[in-house]
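Here's the structure, in structure tokens; my notes come after.
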């Protein structure tokens, strides 16, 4: 029997993260119940930094391993870096927040690390099962994390809702994968593409067309596109805010990464078929997300709907489908990570124990009272609205130029109009912060140094990607080289 | 090219930003220092911009003081700056008006002075950047950058009753137009890419692109929409009265003085040269909207009870002239249009300064609350009269030169447009003089008006430069036309070439035309 070659250097970052996840669990058990669990957070941060150092040598190297199930190419490495950034910032903001809310325990940090592991697997998978494995690892960790605040009804509700709907959607995904296997006899992405290419009759195969539908449903749920978005506002609102941030950025990025990989590596021949579905999905997602966000009164729900809208913009790039679009998606996901994590950090910083202050009208008068909170929040909101010279503008610019290049003019026009609509609800928060007096005094806010550090990193990221986008963009462009 | 090795255009753009950072370091309680430092920064910026005027080469229509580096090379986005006859005077107007705005905010703004001054300097960066950018994406970035500080200026320091409504309306309205322009920019980029293989957003390169006429209509429409909202042209003007009325005095001055010119500048720099055929074909529509703007603006002005709103609608009317002159596509029309852009900045800016001064004293802007003020405030009355006459276009003032040239150009291109536009002159005199009579002349009806103090030294210092300019521009316009002539000639030549219009018979220089 031939033992498949095992190349551990390929999955070095994943190994590091898994080891640190397990290590955090062990240290938690052996360190006793009392005492601050901040140490666990710091250990996780160290773990992510080490994983980052193991990721760096993988840049520019393309290697597959594990019998073709795992690939480490530019695409996977870009996403690994994005996930490491997201996990780093999430843990930074968790250090203060989790302690405040009483959920600081080994499991919390370990689950974040395991979720990151799952995310990395999802985007590095060259095989349907690897992707599925990563998806499940990530999802189950997030289901638990969403319900972490066991005493809070909404948190338990959000975990339950997410789990039920997520399991259902995963079923669809599996069914889609099974149909692909049934039609092509293989689960390896490249082999599937090769098989379809050499058997032209499969282009009209009902099995494969249905598999497209099911895969769209399964992934569509995870990226919160319309009409699979109904879980998003409730889950985002109920979960602990740091986990909401993690979900909104990491899960979305991982799901998009897997979606793009699957559709463009395995099923590119079906592009004419899924373009029209995705066109409608993109438009519906952007529009529903933006319009419903306007009427929200809770900032976490508003940010949830805004994240639905951003998924819509990403789908516009998906529809465009050219190389500009792919690098645009990567750039957008990194920019989105910074803006969104930053915004949620500000949401966390405005609260204190027992008083979450997550209503939008709680932001009244913050502008001049807590300028260190208001200015970054303004930067993140304006970036999400797409105002230059911030990261969000550049990201939307790339996405819409990709759409124009592929001659999806109407989609691009509707996209920018949606962007203009979104300005209203982002601006509304700044109106409250700067133009209105506070209705009640918000005092006693603690700005933990870790959170402030996370805030500064997010601001730097947003400004850097907006003013000097060339470096990140060329990195993204190089990363998609082997994708199609 | 640069002056003494200094990249002057980048300096002009980023110096206010540096100044804003300096202000950031000053404690917010130290209001006096904040005001002084902001004033010094704006004066220094103005002094920095003067060499542009004197070192400008009036014999060439090429871009001068050009700076060019890559910003995002993969996409062809460059950081390219340059000025020519069209933008030179607008840049100077910007730096000049910013000084006066900061001066006039001295006692008007008493809370959050630090943030106010920082916003203003931020705004100046955006304005100058938009005027000198030669790359479409760079222009777009600065265009959007202008929105935030203006939004803050209106929303935080404006009239408490409706400032938020006005600020949000201003922002959303302008942004909606701009995003469509972004799509048009992208479409233009890709058309050029396909045709020539060069990936560039450089405006000078894109001028050379030949675009099928149908596409031109769409692209011109998108650009024109964005700029028409800014100008503002009827029927996209509805944000203006609210924004102008609710903004603080300095906000109104800079809004009227410079930000509105961004729209007209956008037409002459981007919309017309990039899509000349569409511009020529859609000329009747644009001219009609311009004339409607002139007459409608004037008529609505007459009926206003709020002094500031009256001036706001007069802006709509005046900028209708600018658009009419521009779309006359002859030497007089275009040069008159450019000159009127400067005039409007000076005279309407002064009008807002003057309204602001009386508002500071009486905290009301209703015309019915005034009457007979010239008895108590003679110096104020004098300045007010001069500015009113300039706005009307009395010969000897700057308004006359601009209006006359525009009307001349309009007559030459289409008799009907000229006739209709001239009626606007009469209406303009009507509403301004009637307003002046009700406010300044007559018997003092309200007892509060009897104790009003006349202008203090600072206020006189704000108005004197404006009045000097009014007369300088009215009596010796050659000083300014010199800078514009060659550029406008080339603009028209290129335009005619692409559109296939007959070339004009060689014109005597504008100045000789007027002297005759």
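Residue numbers (the working numbering), protein chains in the order written: chain G, 1 to 484; chain U, 485 to 1000. For glycine and all other residues, C-beta sits at the position ideal for the given N, C-alpha and C.
- Residue 266 of chain G sits away from residue 320 of chain G, with the two beta carbons spaced by 8 Å or more.
- Residue 771 of chain U has no beta-bridge partner at all, per DSSP.
- Between residue 889 of chain U and residue 809 of chain U, the beta carbon gap of about 7 Å places them in contact (Cβ cut-off 8 Å).
- In this chain, the alpha helix (DSSP H) harbouring residue 918 of chain U covers 899-924.
- Under the DSSP assignment, residue 162 of chain G falls in the alpha helix (DSSP H) whose first and last residues are 153-184.
- Beta-carbon to beta-carbon, residue 513 of chain U and residue 608 of chain U are separated by about 25 Å, too far to satisfy the 8 Å threshold.
- DSSP places residue 943 of chain U within a helical segment (H, G or I) once states are collapsed to three.
- Counting of Cβ neighbours within 10 angstroms places residue 807 of chain U among the buried residues, the total reaching 16 or more.
- For residue 497 of chain U, the nearest beta carbon of chain G is not closer than 8 Å to its own beta carbon.
- Comparing alpha carbon positions, the residue from U/635, U/845, U/537, U/723 closest to residue 434 of chain G is U/635.
- In terms of Cβ geometry, residue 376 of chain G and residue 415 of chain G do not form a close pair [threshold 8 Å].
- Residue 761 of chain U is positioned such that its CB atom lies no closer than 8 Å to that of residue 597 of chain U.
- Residues of chain U with a Cβ closer than 8 Å to the Cβ of residue 477 of chain G are, in chain order, 558.
- Under the three-pair Cβ rule at 8 Å, the segment 570-586 of chain U counts as touching the segment 725-742 of chain U.
- Residues of chain U with a Cβ closer than 9 Å to the Cβ of residue 190 of chain G do not exist, since the nearest Cβ in that chain sits about 28 Å away.
- In the assembly as shown, residue 857 of chain U is a buried residue. Its beta-carbon has 16 or more other beta-carbons within 10 Å.
- Chain order gives the chain G residues near residue 628 of chain U as 387, 388, where near means a beta carbon separation below 7 Å.
- Linking residue 431 of chain G to residue 648 of chain U through their CA atoms gives a straight-line distance of about 8 Å.
- Annotated three-state conformation of residue 788 of chain U is coil, per DSSP.
- Residue 706 of chain U and residue 665 of chain U have their C-alpha atoms roughly 5 Å apart.
- Around the beta carbon of residue 211 of chain G, 16 or more other beta carbons sit within 10 angstroms, so the residue counts as buried.
- Residue 267 of chain G has a beta carbon lying at 8 Å or more from every beta carbon in chain U.
- Annotation for residue 85 of chain G: 337 place their beta carbon closer than 7 Å to its own, counting only its chain and skipping 5 residues before and after.
- Per the DSSP secondary-structure output, residue 686 of chain U pairs in a beta bridge with U/619.
- In this structure, DSSP gives residue 550 of chain U an extended state, which the three-state scheme calls strand.
- Taking 8 Å as the CB threshold, residue 376 of chain G stays off the interface with chain U.
- Taken in chain order, the complete alpha helix (DSSP H) segments of 4 or more residues contained in the segment 327-386 of chain G are 366-369, 371-385.
- For residue 933 of chain U, the closest C-alpha among the options U/577, U/828, U/859, U/525 is that of U/859.
- Residues of the segment 654-670 of chain U with a C-beta atom less than 7 Å from some C-beta of chain G are 655, 656, 659, 660, 663, 664, 666, 667, 670, listed in chain order.
- Per DSSP, residue 681 of chain U is not a residue of any beta strand (DSSP E), being assigned neither H nor E.
- Pairing residue 616 of chain U with residue 773 of chain U gives a Cβ-Cβ distance that is not under 8 Å.
- Secondary structure within the segment 524-604 of chain U: the beta strand (DSSP E) runs of 3 or more consecutive residues, fully enclosed, are 548-556, 561-567 (chain order).
- Chain order gives the chain U residues near residue 405 of chain G as 674, where near means a beta carbon separation below 7 Å.
- Here the C-alpha atom of residue 240 of chain G lies approximately 23 Å from the C-alpha atom of residue 47 of chain G.
- Residues of chain G whose Cβ lies closer than 8 Å to the Cβ of residue 624 of chain U are, in chain order, 388.
- For the C-beta of residue 648 of chain U, the chain G residues within less than 7 Å are, from N- to C-terminus, 431, 435.
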